[in-house]
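To start, the structure itself, in structure tokens.
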Amino acid sequence: MSKDKLIEALMKENSELKQLLHSLNTSMEQQSSLIEQLSQTIAELNEKLNKNSKNSSKPPSSDGLKKPVTKSLRQKSGKKPGGQQGHDGNHLAITTNPDELKKHLPKACINCPNISKCIDQRACVVEKRHVIDAVVTVHVTEHQKYSFKKCPFHEGQILQGAFPVGVSATVQYGDNLNALAVALNTVGMVSIKRTHEILGSVFSIPLSTGTISSMVRKCAESVNNTVNIIRQKVINSTIGHFDETGTRVDGKTMWVHNSSTEDYTYLSVHQKRGTEGMDDNGVLPAFQGIAMHDC
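Sequential numbering of the sequence shown, starting at 201, is according to our numbering.
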């Protein structure tokens with residue numbers, strides 16, 4: 201290749217490389233601009249996600265159902281954990297009337313023919329220990345209604361006794377078992393299925409989930425008047441506190457609406473949050489006092 205053609209080829213290649221370099225620089229500038237925009241968008245989204253009632257003006261009800269992070273406000277004392285030397289200890293009180301008494305003798309004395317004589321003359325109790333336990337039993341009461349024929353004091357009439365109020369079926373569950381099932385499900389917040397499992401394993405009673413649901417429903421009906429009284433107490437109060445929080449009911453998100461005073465609390469569950477759900481329980485629309493909210 202001649203010198204002129206070589207120079208021409210190199211100049212052409214140089215021109216092509218310049219165009220390629222320019223194209224790459226343009227592409228890098230565009231990518232840098234895009235990265236900057238995306239970084240800003242990510243930062244804004246993270247800021248929104250990290251906002252809660254503690255670092256923004258959002259109300260606590262917007263925090264969702266996540267378990268709050270607890271943080272102790274106590275200062276470090278430098279002391280070791282547990283009871284401190286010289287403090288007054290608290291323990292279970294020893295009862296003077298035990299329900300059962302068990303004697304623990306030396307192994308060598310258990311089968312001795314003189315054990316009775318030795319206990320009276322040579323032995324003494326050197327230490328007592330008490331075990332407090334709960335006895336789980338099933339108590340069955342049979343109610344028998346009697347019939348008396350030809351009573352001479354009542355002109356030969358047939359007289360019959362009467363079952364107590366509430367004893368209406370051939371076989372039924374008593375008040376204590378009803379109360380325990382309802383308390384586990386409502387106060388203890390144990391599901392109906394698990395309440396069925398617990399009572400079945402502890403008492404060996406085939407208490408169905410349908411029966412437990414019926415017990416809870418009947419209990420709710422029996423306290424309906426009391427609940428209405430509480431609701432009216434909140435309506436008539438001077439200052440009322442109103443709030444809402446999310447919960448799960450049958451796998452769906454529902455909202456518990458709270459209307460309360462210093463002495464009374466009225467709760468209702470609704471599928472909607474905000475005004476629609478709060479107004480549904482009838483407290484806030486009829487309330488004439490000062491309404492307080494956390495937002």
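Cβ coordinates follow ideal geometry from the N, Cα and C atoms, glycine included.
- Scanning the region 343-381 for uninterrupted alpha helix (DSSP H) segments of 4 residues or longer gives nothing; none is fully contained.
- A distance below 7 Å between beta-carbons, with the five flanking residues on each side excluded, links Q357 to the following residues of its chain, in chain order: C351.
- One thing to note: I392 has its Cβ within 9 Å of the Cβ of I412.
- Taken through DSSP and simplified to helix, strand or coil, F487 comes out as coil.
- Counting only residues of its own chain and dropping the five nearest sequence neighbours on each side, D480 has a CB closer than 6 Å to the CB of H470.
- When the Cα atoms are used, G366 and N385 turn out to be separated by approximately 23 Å.
- For V331, the number of other beta carbons within 10 angstroms of its own is below 16, and it is reported as exposed.
- Assigned with DSSP and collapsed to three states, K472 falls in coil, not helix or strand.
- In the structure shown, G440 adopts extended strand secondary structure according to DSSP, grouped into three states.
- Annotation for T241: no beta strand (DSSP E) segment contains it, though the alpha helix (DSSP H) segment containing it runs 203-250.
- The Cβ atoms of E444 and G477 lie closer than 9 Å to each other.
- In the three-state scheme derived from DSSP, where H, G and I count as helix and E and B as strand, T447 is classed as strand.
- Here the alpha carbon of I319 sits roughly 10 Å from the alpha carbon of L305.
- Shown here, L407 sits in coil according to DSSP, grouped into three states, outside any helix or strand.
- In this structure, N458 and F442 form a Cβ contact; the two beta carbons are roughly 7 Å apart against a cut-off of 8 Å.
- Sorting Q372, E462, H396 by C-alpha distance to the C-alpha of A381 places H396 at the top.
- Relative to V325, the option among R431, P313, K302 whose CA is nearest is K302.
- Per DSSP, reduced to three states, the secondary structure at H493 is coil, with no helix or strand assignment.
- The three-state reading of DSSP puts T461 in coil, since its state is none of H, G, I, E or B.
- Close CB contacts of C419 within its chain, under the 6 Å cut and outside five residues either way in sequence, are with V382 (chain order).
- Here V456 is near S468, since their CB atoms are less than 9 Å apart.
- Cβ-Cβ distances below 8 Å link M454 to G446, T447, R448, V469, H470, Q471 in the same chain, with the five nearest sequence neighbours on each side left out; the list follows chain order.
- Per DSSP, the unbroken alpha helix (DSSP H) holding R431 starts and ends at 424-435.
- Annotation for P298: no residue places its beta carbon closer than 6 Å to its own, counting only its chain and skipping 5 residues before and after.
- Taking the Cα of Y346 as reference, the smallest distance to any Cα among E229, T241, F363, D494 is reached at F363.
- In this structure, the alpha-carbon of P485 lies about 20 Å from that of N425.
- Counted as a single uninterrupted DSSP element, the alpha helix (DSSP H) harbouring K317 occupies residues 315-321.
- E236 and I435 have their C-alpha atoms roughly 55 Å apart.
- Around the beta-carbon of G361, fewer than 16 other beta-carbon atoms lie within 10 Å, marking it exposed.
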